[in-house]
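The block underneath contains the structure these notes are about, expressed in structure tokens.
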Amino acid sequence: MTDLAASSRAVSGQKVRKLQTWHWTELFFIAPYMVFYIALLVYPLGLGFVMSFQYFDLFAGQAEFIGLENYQQLFSDRIFQGAVVNTFKFVIFTVPAFVIVGLLIALALNRQTWWAATLRTLFFASNVLSVTIVTLIWRAVYLPEKGLLANFLGNFGVGNLAILQDPNWALQAIAVTTIWWGIGLPMVLFLASLQQIPADIYEAAKLDNASPWQTLWHITVPSIWRTVVLVTIIQIIAQFQVFGQINLMTQGGPNNSTRSMVQFIYEAGFRQWTAGFASAAAQVLFVIMVLAAGLQFWASRRKQEF
Amino acid sequence: MATRKMSKPMGEQILVASVVILAIAWMVPLVWIVGLSLKSSLELVVDPNSVFSFPYTLKNYADLMVTSNLGIWLRNTLIVTITQTVLVVAISCLAGYGFARVEFPGRNVVFILVLMGLAIPQHAVIVPLHKMFNDWQMHNTFQALILPGLSGPFGVFLMTAYFRAIPIEIEEAAKLDNASRFRIFWEVTLPLAVPAMATLGIFTFLSAWNDYLWPLISATRPDMYTLTVGLAATQTNIDQSEGLGYLMAQAVFAGLPMLILYIFFQKYVVRAVAGAAIR
Amino acid sequence: MKRFKTFVTMGALAMALVIPSVAQAQTEVRFARFFGACEADFGTNMDPSLPSNECGVITTLTNIFNEQNPDVRVVPEIVEWGPYYEQLAGRIATGDVPDISVMHGDMLVNFVRRGMIAPLDEAFVEAGIDVEDIAPGPRNNVTIEGTVYALPQDFVTWIWHTNSGLMTQAGLGEASAPVYPTSGEELLAQARQFKEATGLPYLAMTLDANAMARTLYTMLMQSGYELFPDSTTQIDLHSPGPREAFDLMQQLVDEQLMVISPDWSSAYTSFSNGEFGNMIGGTWQIGDLVRLSEQTGGALEGYVAHVFPAINGEPAVWSSSHSWVMLNGGAATPEKREASLRFMKFLFDNNIHWARTGHLPMRTSLMTDPAFTEMPYRIGFGDIPPIAQTLPKDVLQQRIIQPFIGEELLAALQGQKSAEDAFAAAEERVNTYLARLR
Chain G
4 MTDLAASSRA VSGQKVRKLQ TWHWTELFFI APYMVFYIAL LVYPLGLGFV MSFQYFDLFA
64 GQAEFIGLEN YQQLFSDRIF QGAVVNTFKF VIFTVPAFVI VGLLIALALN RQTWWAATLR
124 TLFFASNVLS VTIVTLIWRA VYLPEKGLLA NFLGNFGVGN LAILQDPNWA LQAIAVTTIW
184 WGIGLPMVLF LASLQQIPAD IYEAAKLDNA SPWQTLWHIT VPSIWRTVVL VTIIQIIAQF
244 QVFGQINLMT QGGPNNSTRS MVQFIYEAGF RQWTAGFASA AAQVLFVIMV LAAGLQFWAS
304 RRKQEF
Chain D
5 MATRKMSKPM GEQILVASVV ILAIAWMVPL VWIVGLSLKS SLELVVDPNS VFSFPYTLKN
65 YADLMVTSNL GIWLRNTLIV TITQTVLVVA ISCLAGYGFA RVEFPGRNVV FILVLMGLAI
125 PQHAVIVPLH KMFNDWQMHN TFQALILPGL SGPFGVFLMT AYFRAIPIEI EEAAKLDNAS
185 RFRIFWEVTL PLAVPAMATL GIFTFLSAWN DYLWPLISAT RPDMYTLTVG LAATQTNIDQ
245 SEGLGYLMAQ AVFAGLPMLI LYIFFQKYVV RAVAGAAIR
Chain L
87 MKRFKTFVTM GALAMALVIP SVAQAQTEVR FARFFGACEA DFGTNMDPSL PSNECGVITT
147 LTNIFNEQNP DVRVVPEIVE WGPYYEQLAG RIATGDVPDI SVMHGDMLVN FVRRGMIAPL
207 DEAFVEAGID VEDIAPGPRN NVTIEGTVYA LPQDFVTWIW HTNSGLMTQA GLGEASAPVY
267 PTSGEELLAQ ARQFKEATGL PYLAMTLDAN AMARTLYTML MQSGYELFPD STTQIDLHSP
327 GPREAFDLMQ QLVDEQLMVI SPDWSSAYTS FSNGEFGNMI GGTWQIGDLV RLSEQTGGAL
387 EGYVAHVFPA INGEPAVWSS SHSWVMLNGG AATPEKREAS LRFMKFLFDN NIHWARTGHL
447 PMRTSLMTDP AFTEMPYRIG FGDIPPIAQT LPKDVLQQRI IQPFIGEELL AALQGQKSAE
507 DAFAAAEERV NTYLARLR
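Protein chains in written order, with the numbering used here: chain G, 4 to 309; chain D, 5 to 283; chain L, 87 to 524.
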């Protein structure tokens with residue numbers, strides 16, 4: 004994500020001999036973008052904030068100021084509470100898996116052979132598919148009786164498997180789908196990072212008779228630690244906003260066990276037509292995201308102190 | 005680059021073997037849906053295990069040609085994605101150059117404000133955006149699908165950093181010829197930024213092609229559906245819709261363009277996505 | 087490079103402008119509906135007796151109308167069931183209104199109170215539709231405060247799909263004429279008898295929140311229970327009635343007389359493989375199951391459909407209607423209006439074909455017409471109209487609150503939470519949501 008400190012330094016720091024004058028027409032360079040930025044990003048952000056204090060019917064258009072009522076209802080809403088918990092759970096299920104599995108694949112495939120290249124291609128391929136295709140694929144995998152999983156486990160005598168209908172396992176099943184979909188990115192980032200470790204360090208370790216485990220733990224991991232942090236933060240931010248998989252695979256069920264915060268916002272706004280209420284939920288999510296972005300900023304500053 | 009070891013230690017062999025097995029498992033879902041797409045839907049209802057046995061049929065794909073609106077969805081997605089990509093690259097280059105070179109007062113402040121926009125997730129603005137386009141009566145248009153994508157700061161950030169890194173001496177030389185700022189930009193600087201433009205273009209193309217949430221609520225008329233929305237709509241009743249086999253054929257068909265593009269342009273796609281993430 | 091960029095941009099924008107269709111010589115009627123797309127099978131079909139599913143019938147009827155009326159072209163805009171209402175409302179709000187749209191009866195009030203639907207009393211007279219022939223039930227479904235807002239298409243209701251072969255085997259009736267319980271005790275007795283004789287569950291419920299809710303509604307209507315005793319924004323699920331109805335179902339599950347299918351796909355599979363005696367479902371499924379039984383034979387021989395038996399009191403059953411509305415802003419020109427009404431009259435006249443899907447026709451004259459009464463696979467459908475009921479008309483957003491109730495109760499039925507918690511949670515969710523609406 005953003006590295007605010009570094010980039011602002013980049014903008015202001017260059018004090019070389021600059022072109023002395025600028026003409027006001029040159030503002031037209033940034034004008035097109037600024038129009039879209041303000042009209043379609045900044046303004047809606049403010050509007051959403053205002054809407055969160057209103058009763059706003061999505062289609063009748065009338066808006067009524069109701070103060071904090073949306074927020075009061077939100078925080079006492081059992082379903083919303085469940086959605087927050089589910090979202091945190093989902094992040095916990097997916098992010099460590101992304102890091103660990105991504106790293107392991109990168110370690111295994113960090114070589115110049117043709118088969119390693121083929122497998123790298125394979126693992127990244129799912130990344131280019133849209134969420135609707137991915138969910139079609141995995142619904143076909145998870146279908147009760149007819150699905151791949153049901154057929155496979157049926158050979159081992161496990162019958163009646165309906166994993167998306169089981170409130171104890173549905174979220175994990177969606178997590179597996181998500182990891183299948185997105186493992187390509189962590190893998191590629193780890194590969195790039197591994198390839199930046201100079202070969203001589205490994206040579207030196209070999210000469211010292213270090214075991215593979217020692218090599219991994221004392222050389223590889225510290226060298227790629229920055230990437231581990233980067234992947235973690237990227238995935239936390241992405242998975243907090245999970246929507247498509249839930250919307251298409253379980254719609255938040257069964258028994259509110261998979262409803263994510265964005266799914267909640269979508270339902271409240273576009274299915275139940277209570278757009279003010281949905282805006283309030285969106286503000287809460289936004290605050291969480293800002294905290295996460297702040298965390299990334301803080302973490303990236305810290306890594307510069309290495 | 006990892007060193008080439010003379011003998012492969014046990015741990016590493018286990019790791020590699022596990023990853024190879026994992027890769028096979030990774031592929032199985034894709035094979036599965038191809039298998040399902042080759043079976044008649046009726047047969048799939050009656051016999052859950054029928055995928056493993058003959059007969060197979062191409063009827064689902066034949067039906068796709070007649071019934072499916074894949075063509076319309078594909079056309080809409082192409083229009084939106086190509087237009088958005090072109091516009092994002094153009095606007096980001098302009099803005100990037102402006103922030104890099106034009107030293108108007110308050111530039112740093114404005115730039116930081118733009119960067120802060122990176123922290124705004126799509127969902128924080130989707131409800132108010134929907135209201136705005138409602139008021140302008142602009143839903144179910146290509147403009148509605150394209151325009152919101154132009155407000156993201158990522159492209160600007162990327163191009164600004166890139167332009168900043170281009171030594172200013174190159175432009176100073178041109179300035180001596182009394183060229184306008186825009187001419188310098190157009191003829192001197194921009195050609196140097198092609199790699200970054202390619203990265204931005206690919207990244208934007210991919211994310212526009214796969215966008216789901218905004219088209220879902222904005223393109224509500226069937227002939228405006230994009231590929232993602234169309235596929236999602238036909239999925240909602242997977243139990244009672246045209247049939248499982250047909251749906252799988254649709255998924256296979258819809259996923260092919262991107263997969264083919266990816267296989268041919270793999271290096272660029274990977275570089276774009278990874279480069280974007282690192283920023 | 088730059089020229090290429092320009093070219094691409096211009097090309098893309100040009101494409102965007104050229105997309106709108108060329109002006110038609112015919113009057114175009116845009117017809118928004120769900121029911122699926124089946125061009126492959128029925129795209130050119132002109133024989134209405136051929137299809138037996140919703141998609142086939144409506145596609146065929148549209149084909150016939152277009153052929154008989156060369157100055158009109160009805161263009162279907164097919165949306166899937168799931169997002170239909172969000173999308174329709176979205177289109178209306180942006181002025182992009184279809185000329186005729188389908189709408190469930192229980193959804194009407196939400197559009198009417200936002201002023202989105204045009205009253206149709208006079209329009210029907212204009213179109214020559216014999217309003218007196220519309221049966222009271224469907225008529226009621228489309229009337230709000232005395233004004234008719236839609237043309238009903240059918241009577242949709244809640245039924246049991248029965249494998250009469252298995253029922254006969256269990257001594258519960260003859261071939262294609264099974265016996266059904268008329269009370270809770272009889273239900274248990276017959277279910278046990280069935281299980282004893284065949285070793286299979288007597289009844290199946292599907293893990294579908296709407297199915298669960300409709301089953302509860304039906305049972306409560308049978309016992310005369312008032313779901314909304316005081317006001318249409320306060321549901322009462324804490325009085326004894328709902329709990330008693332639920333306990334009956336729970337008992338069936340406990341004694342393994344009722345099985346729960348994980349989704350409709352596996353329910354159909356299991357039913358067609360003869361894995362249970364009866365399946366709880368809706369009239370829209372009859373067409374599919376008939377086709378299945380005719381094409382695969384086997385265990386589905388002797389398939390019959392019967393109204394949901396009166397296991398919780400007097401005969402009564404939850405019902406609804408599909409209907410056709412003309413939204414405000416649609417059918418803007420007099421030609422379009424006339425053409426739309428002409429199409430509606432055509433559907434009215436050909437209502438008997440829609441009954442082949444499993445839904446009941448909405449015309450009183452058809453209820454006693456042999457063409458309907460002698461339709462196979464259906465038992466006692468002529469008796470349904472008097473006992474069909476709906477929730478109070480002005481309960482808002484019935485399609486939203488229905489899955490709230492169903493989801494909670496299904497969780498309880500599967501033992502994931504206690505029945506008290508489920509009912510309390512369902513009531514709270516419904517009431518909180520309804521209270522939020524203005």
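Built from N, CA and C at the ideal position, the CB exists for glycine as well.
Environment of residue i [buried if 16+ CB atoms lie within 10 Å]
i	result
Gly162/G	exposed
Asp340/L	exposed
Ser184/D	exposed
His75/L	A question about residue 75/L goes unanswered here, because the residues of chain L that appear run from 87 up to 524.
Pro47/G	buried
Glu208/L	exposed
Ser409/L	buried
Lys135/D	buried
Ser317/L	exposed
Glu312/L	exposed
Glu513/L	buried
Proximal residues to residue i (C-beta, below 6 Å), its chain only, five neighbours per side dropped
i	result
Trp184/G	Ser129 and Val137
Pro170/G	Pro257, Asn258 and Ser260
Thr292/L	Ser347, Trp350 and Ala353
Cβ-based neighbour list, residue i, same chain, cut-off 7 Å, excluding 5 preceding and 5 following
i	result
Gln500/L	Ile346
Glu308/G	Any reading at Glu308/G must be qualified, since the residue scores a pLDDT of 45, below 50, and its modelled position is unreliable; the value itself is stated next. Contacts found: none.
Gln57/G	Ala66, Glu67, Phe68, Ile69 and Gly279
Boundaries (first-last residue) of the beta strand (DSSP E) holding residue i
i	result
His134/D	His134/D -> not in any beta strand (DSSP E); alpha helix (DSSP H) instead, spanning Gln126 to Asp139.
Leu452/L	Per DSSP, Leu452/L belongs to no beta strand (DSSP E); it is in the alpha helix (DSSP H), Thr450 to Met453.
Asn364/L	Asn364 to Gly368
Tyr389/L	Tyr389 to Val393
Pro162/L	Val158 to Ile164
Span of the alpha helix (DSSP H), counted from its first residue to its last, around residue i
i	result
His439/L	Asn437 to Trp440
Pro222/L	Pro222 to Asn227
Leu251/D	Leu248 to Phe268
Gln57/G	No alpha helix (DSSP H) contains Gln57/G, which is instead part of the beta strand (DSSP E) from Gln57 to Phe59.
Ile240/G	Trp228 to Phe243
Residue i at chain L interface by Cβ criterion, 8 Å
i	result
Gly39/D	no
Gly157/G	no
Ala285/G	no
Lys149/G	yes
Thr277/G	yes
Short CB-CB distance (under 8 Å) between residue i and chain D
i	result
Pro225/G	no
Ser70/L	Outside the displayed span of chain L (87 to 524) sits residue 70/L, for which this structure offers no information.
Val231/G	no
Tyr74/G	no
Arg159/L	no
Ser406/L	no
Chain G within 8 Å of residue i, Cβ atoms only
i	result
Tyr170/L	no
Thr355/L	yes
Asp349/L	yes
Cβ neighbours of residue i in the same chain (closer than 8 Å, five flanking residues each side left out)
i	result
Gln488/L	Ala295, Asn296, Ala299 and Arg300
(request) Below 8 Å between beta carbons is the criterion; list the residues of the stretch 453-479 of chain L that meet it against any residue of chain D, in chain order. (result) none
(request) Residues of the stretch 155-185 of chain G with a CB closer than 7 Å to any CB of chain L: list them in chain order, please. (result) Ala165, Gln168 and Pro170
(request) Pull out every residue of the stretch 162-196 of chain L whose Cβ sits closer than 8 Å to any Cβ of chain D, in chain order. (result) Shown in chain order are the members of the stretch 162-196 of chain L whose Cβ falls below 8 Å from a Cβ of chain D: Glu163, Ile164, Val165, Glu166, Trp167, Gly168, Pro169, Glu172, Gln173, Leu174, Gly176, Arg177, Ala179, Thr180, Gly181 and Asp182.
(request) Could you list the residues in the stretch 246-276 of chain G with a C-beta less than 8 Å from some C-beta on chain L, going in chain order? (result) Answer set for the stretch 246-276 of chain G: Gly256, Pro257, Asn258, Asn259, Phe273, Arg274, Gln275 and Trp276.
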